[in-house]
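In the working numbering, the protein residues as written are 6 to 437. What follows is a single structure, written as structure tokens, with notes after it.
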Amino acid sequence: MSKTAADFRLDGIYTQRQDGFYMQRVKLPAGVISAGQARTVADVSTTFGQGTVHLTSRGSMEIHWLKEPDLPRIKQELAKTGLTSRGACGGAVRGITCGSQGAQGFPALESLAWRLHRHFTGNPRFERLPKKFKIGVEADIVGGRHLIQDVGLVLAGLADGRARYDVWIAGGLGRAPRPGFLLAGNLPEERIIPLIEAIVAVYVAHAPPPQRLKYVAAQLGQEELRRLIEAEPGYGEELPPVSGFTEHIIPPSAGRVRLILPVFAGNLTADQLRRIAEAADIHADGALMVTANQDIALLLAAGADPDAVAAELRAGTGLSAVVGSHRILRVCPGSHECRMGLAATREVAALVADAVPEALLGLEWAVSGCQNSCSQPQLAGVGIVAARLSADAGGTKSPRFDIYRRRQAGLGEKVHEGLTSEELVATLMGID
Ligand code: SF4
């Protein structure tokens with residue numbers, strides 16, 4: 006029996022806007038990947054694609070320009086190093102994301118991400134859902150990423166090696182952005198998996214495809230959604246964490262420096278990724294991270310000289326590694342590869358980077374090629390969304406952009422809409 010589009014999506018594969026080509030997404034719990042696995046991704050991209058790797062704002066990797074007959078072999082190659090794509094797209098529990106890799110509490114978050122990844126990936130109870138189901142683990146609420154997940158878990162405390170979490174639910178972006186709400190506070194980690202199972206059960210029972218949990222919250226109201234979840238048999242259950250599997254790839258951070266490699270629009274060449282993996286082997290215990298801002302981070306081993314490693318990486322990859330703050334500009338693939346894309350997002354991002362005064366680039370920026378908002382524009386200081394196409398007098402269609410501005414906690418607000426490219430640049434130059 007031939008595979009349906011839904012089967013492909015559950016295997017982490019989307020068709021590209023270019024006929025005959027496919028994108029394979031690889032799930033990385035909390036954005037963590039070993040140097041060996043990164044080399045495999047680079048090799049797959051070189052052998053079967055066009056030698057490029059895209060880093061996503063959920064800390065995954067995507068390999069574009071693949072052909073259908075190669076997909077089974079690609080799956081095999083990834084599996085050889087323990088990588089999986091199951092549920093990376095489509096109606097499934099997606100990759101567990103983390104925007105707090107630099108936080109003190111990251112070891113607890115990483116181990117929870119691995120446990121959630123293991124429990125929900127490839128489990129038929131959590132596949133063929135009405136739509137995607139996103140889980141994020143965060144150290145705090147500063148970046149607002151807990152607000153855009155179906156389940157956002159925020160570290161509330163750590164005592165005697167036991168982590169506790171605040172649980173936010175029913176958030177999401179897309180055409181109808183809706184911030185999540187606090188379902189329960191300060192829960193022990195042992196309650197998290199049964200609670201998510203209860204949330205998924207309510208979601209499946211009340212959301213018609215292709216709606217997300219935020220739709221159920223909007224339809225029934227937060228209190229009714231809370232009542233339904235609390236009525237589920239597993240709501241108060243505690244499950245001891247299973248040990249013996251991967252808990253951490255990233256070593257404890259004490260005495261280590263975090264080096265960031267900003268990657269424009271999240272696009273690396275396979276060769277750059279290989280060089281970074283080599284540096285990770287030598288200087289960072291063979292581990293690297295894809296950040297939620299589409300960059301790469303290395304936690305350098307004690308004694309490694311950050312300036313020397315940065316110089317080595319610059320020479321090998323052309324990327325300027327930094328310690329501390331750096332420019333944040335998240336960019337989705339847009340019409341370069343994505344079927345939904347209405348605008349050439351990398352060109353828009355380059356335009357922004359060139360046109361906007363230096364001082365404003367210190368804000369967090371994001372560009373999305375359609376209202377699906379994959380680059381999370383509503384969480385950026387300034388978010389740009391290609392919202393629709395509009396025809397000029399001669400019938401030529403071009404994108405119209407909306408601008409979102411986030412000045413405080415919560416989601417950014419739309420402050421301009423329907424702008425042409427020229428109007429976009431002029432407006433951004435004057436934005437405060
Ligand atoms: S925001 Fe739209 S165009 Fe960009 S990757 Fe997501 S679906 Fe594609």
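Virtual Cβ for every residue (Gly too), placed ideally from N, Cα, C.
**Report entry** Inter-residue Cα distance where the pair is G386 and E369
**Finding:** 5 Å
Query raised in the report: Between which two residues does the alpha helix (DSSP H) carrying S116 extend?
Result: 111-125
**Report entry** Check whether R78 and T102 have beta carbons under 7 Å apart
**Finding:** no
Query raised in the report: Could you name the residues, in chain order, whose CB is less than 6 Å away from a heavy atom belonging to ligand 1?
Result: Listed by position along the chain, the residues with Cβ atoms less than 6 Å from a non-hydrogen atom of ligand 1 are C337, P338, G339, C343, M345, G346, S373, G374, C375, N377, S378, C379.
Query raised in the report: What did DSSP end up calling R150 once you bin it into helix, strand or coil?
Result: helix
Query raised in the report: Apart from the five residues just before and just after G41, which ones in its own chain have a Cβ nearer than 8 Å to its Cβ?
Result: T86, A282, G291
Report task. Write down the C-beta distance between G3 and G141 rounded to the nearest angstrom, noting that I regard them as a contact closer than 8 Å. Result -> The question about residue 3 has no answer here: the residues shown for the chain are numbered 6 through 437.
Query raised in the report: For L303, which beta-bridge partners are listed by DSSP?
Result: L264
Query raised in the report: From I153 to P184, what does the alpha carbon distance come to, in whole angstroms?
Result: 6 Å
Query raised in the report: Going straight from the alpha carbon of A309 to that of P382, what length do you get?
Result: One C-alpha to the other measures close to 36 Å.
**Report entry** Proximal residues to P112 (C-beta, below 7 Å), its chain only, five neighbours per side dropped
**Finding:** Hits under 7 Å: H253, P257.
Query raised in the report: Whose C-alpha, out of I198, A43, I174, is nearest the C-alpha of L88?
Result: A43
**Report entry** G141: first and last residue of the uninterrupted beta strand (DSSP E) it sits in
**Finding:** 140-143
**Report entry** Residue from A306, E317, R99 with nearest C-alpha to R30
**Finding:** R99
Query raised in the report: Between the Cα of T57 and the Cα atoms of P338, I265, T432, E418, which residue gives the shortest distance?
Result: P338
Query raised in the report: Quick one: does the C-beta of A35 sit closer than 6 Å to a heavy atom of ligand 3?
Result: Although ligand 3 was asked about, the structure shown includes only ligand 1 as ligands.
Requested in this report: Please go through the same chain and pick out, in chain order, the residues whose beta-carbon is closer than 6 Å to the beta-carbon of K419, but skip the five residues on each side of it.
Outcome: D407, Y409
Requested in this report: Give the straight-line distance between the Cα atoms of L429 and V372, rounded to the nearest whole angstrom.
Outcome: 12 Å
Report task. Hey, could you find the ends of the beta strand (DSSP E) V295 is sitting in? Result -> 292-295
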